[in-house]
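Quick note on our numbering: the sequence shown kicks off at 1 and runs consecutively.
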Amino acid sequence: MTDVFDQCQHLVRTKDPDRFSASLFAAAEHRPALMALYAFHFELVRVREVVRDPMPGEIRLQWWRDLLNGGGHGDVRGHPVADALLQTVDRYSLPRAPLIAMTEARVFDLYDDPMPDLGTLEGYAGETHGALFQLSALVLANGSDPGTGTLAGHAGVAEAIASVLRALPHHLRRGQMFLPQEMLERHGTDATRAIFDPVDPGTKAAAWELDEQAWRHLAEVRSLGDSVPAEVAPAFLTLALVPRVLKRVAATDYDPWTSDVMPSRLQSLWTLWRGARRMRSRERNGRVPLGACLAR
């Protein structure tokens, strides 16, 4: 592993430990490439956290778009994640369009405009989490198409919704709303009221409805992922963590403002290990049912 991949691995291990742990179940030869993809994903996620205003964030995201469009090759030696990402794209012949779309989707994160509707949220999820699942699957298939595009889309929506619900207290405190506006309105509220009224019952009802939408996408994952190449399955292993989050949100004592639905590090490790073990135990002819890791 070259130095830039070492640095990506350190970043993922410290900042995205769930993906790092899941990657340990993948073939060792492909883990450096996974680290590059996951580090890139984290670089995009954290843009909102490291800028005070949207414009510097837009500039950061534009830098990534220019890089992926073929510009800025002379600068990558000073940016290990960029260097590792470009090497990974070349090594596995990864399509650049989904990576560029990932950067464009993250522009939404920079502003406090409410998510308008479920369809927009699902599109955002597909371009962020869904693309990451599919690109990871391509890597584990050594650059070949494993036929998991639609599966990755549903997986991405389920995981993204879980991420939205997990981060909801943080988003509410900083005035950002990822719960769809049309969903909030259906429950008698809106983004402004949800943000400024900690006891607004409509926020909780909307979170519960979004929770059910995530279960619907997990059901599609179970159906579509009934026979996935065993070597590709680790790309989807973080999905094993989604049901735990969704079950906590669905609890009667759930509070969008205060409830911590994050599993502990030990719980996450155990869930990932159990999910991988269940898939391996059901392997037949080199293929596994992805739903084996999704205990409700």
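Every residue, glycine too, gets a C-beta built ideally from N, C-alpha and C.
Keep in mind the model is a prediction, meaning the values are calculated, not measured.
N-terminal and C-terminal residue of the alpha helix (DSSP H) that residue i is part of
| i | result |
| --- | --- |
| GLU58 | 54-68 |
| MET102 | 97-105 |
| ASP112 | Neither: ASP112 is in no alpha helix (DSSP H) and is coded neither H nor E. |
| ALA194 | 191-196 |
| GLU185 | 181-186 |
| MET35 | 31-45 |
| THR88 | 80-92 |
| PHE20 | 17-23 |
Simplified DSSP assignment, three categories, for residue i
| i | result |
| --- | --- |
| ARG284 | strand |
| PRO234 | helix |
| VAL249 | helix |
| VAL303 | This structure gives no information on residue 303, because the portion of the chain shown stretches from 1 to 296. |
| GLY202 | helix |
| GLN176 | coil |
| THR148 | coil |
| SER268 | helix |
| VAL261 | coil |
| TYR124 | helix |
| PRO256 | coil |
| ALA219 | helix |
| LEU11 | helix |
| LEU294 | coil |
| ALA28 | helix |
| VAL164 | helix |
| VAL51 | coil |
Cβ neighbour criterion (16 or more within 10 Å) applied to residue i
| i | result |
| --- | --- |
| MET55 | exposed |
| SER144 | exposed |
| GLU49 | exposed |
| GLY291 | buried |
| PHE196 | exposed |
| MET1 | With a pLDDT of only 47 at MET1, under 50, the local geometry of the prediction cannot be trusted, and no value is derived from it. |
| ARG166 | buried |
| GLN9 | buried |
| PRO146 | buried |
| GLY225 | buried |
| HIS170 | exposed |
| ALA251 | exposed |
| GLU283 | exposed |
Own chain partners of residue i with C-beta closer than 8 Å, once the 5 adjacent residues on each side are dropped
| i | result |
| --- | --- |
| LEU132 | LEU37, TYR38, HIS41, MET102 and GLY156 |
| PRO243 | LEU218, LEU294, ALA295 and ARG296 |
| PRO98 | GLU127, ALA131, GLN134 and LEU135 |
| TYR124 | ALA105, PHE108, MET115 and ALA160 |
| ARG96 | LEU68, ASN69 and VAL89 |
Cutoff 7 Å; reference residue i; Cβ partners in own chain excluding five residues on either side
| i | result |
| --- | --- |
| GLY188 | GLY202 |
| PHE25 | PRO234, LEU237 and ALA276 |
| GLU220 | HIS154 |
| MET176 | At residue 176 the sequence reads Gln, which differs from the Met that was named. Taken in chain order, the residues that qualify are ASP112. |
| ALA191 | PRO114, MET177, GLN181 and LEU184 |
| VAL4 | PRO80, ASP83 and ALA84 |
Bridge-paired residues (DSSP) for residue i
| i | result |
| --- | --- |
| PRO169 | PRO169 pairs with nothing; no bridge assigned. |
| VAL4 | BP columns for VAL4 are empty, so no partner. |
| PRO229 | ARG287 |
Own chain partners of residue i with C-beta closer than 6 Å, once the 5 adjacent residues on each side are dropped
| i | result |
| --- | --- |
| MET279 | ALA233, VAL288, ALA292 and CYS293 |
| GLY57 | VAL47, VAL51 and LEU110 |
| GLU182 | ASP117 |
Within-8 Å CB hit, residue i to chain B
| i | result |
| --- | --- |
| PRO98 | This model lacks chain B altogether; it includes just one protein chain. |
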